[in-house]
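Residue numbers (this note's numbering): 324 to 403.
Written as structure tokens, this is what we have:
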């Protein structure tokens, strides 16, 4: 997806304030950060479209709920 930055030291549980500052500056001030923010916005828009009425994620989620109801032996209408 390319919408995150790796924090040095996170595996060891020791991220320094300097590391946080450097990554915030990278995201907020650099060309790499602008590209990252653009990708985040594109994903946000795609997600919003998928969850709208008739969107692919909403339809898939409704089908999942229906399948779960069917597996439990219930025949109920599902509204998402």
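Backbone N, C-alpha and C fix where the C-beta goes; we use that ideal spot for every residue, glycine too.
Whether residue i touches residue j by CB criterion (8 Å)
| i | j | result |
| --- | --- | --- |
| residue 326 | residue 363 | yes |
| residue 274 | residue 342 | Lying outside 324 to 403, the shown extent of the chain, residue 274 is not represented and no answer is given. |
Length of the line joining the Cα atoms of residue i and residue j
| i | j | result |
| --- | --- | --- |
| residue 324 | residue 390 | 29 Å |
| residue 329 | residue 383 | 32 Å |
| residue 393 | residue 386 | 10 Å |
| residue 353 | residue 334 | 25 Å |
| residue 344 | residue 337 | 14 Å |
| residue 388 | residue 377 | 16 Å |
| residue 348 | residue 369 | 27 Å |
Presumed contact (8 Å Cβ cut-off) between residue i and residue j, rounded CB distance
| i | j | result |
| --- | --- | --- |
| residue 371 | residue 381 | With a Cβ gap of about 11 Å, residue 371 and residue 381 do not count as contacting. |
Range covered by the alpha helix (DSSP H) that runs through residue i
| i | result |
| --- | --- |
| residue 347 | 340–352 |
| residue 381 | 379–394 |
Own chain, CB closer than 8 Å to residue i, minus 5 neighbours either side, in chain order
| i | result |
| --- | --- |
| residue 366 | 324 and 326 |
| residue 375 | 381 |
| residue 346 | 328 and 330 |
| residue 360 | 350 |
Beta-carbon proximity list for residue i, same chain, < 6 Å, skipping 5 on both sides
| i | result |
| --- | --- |
| residue 379 | 373 |
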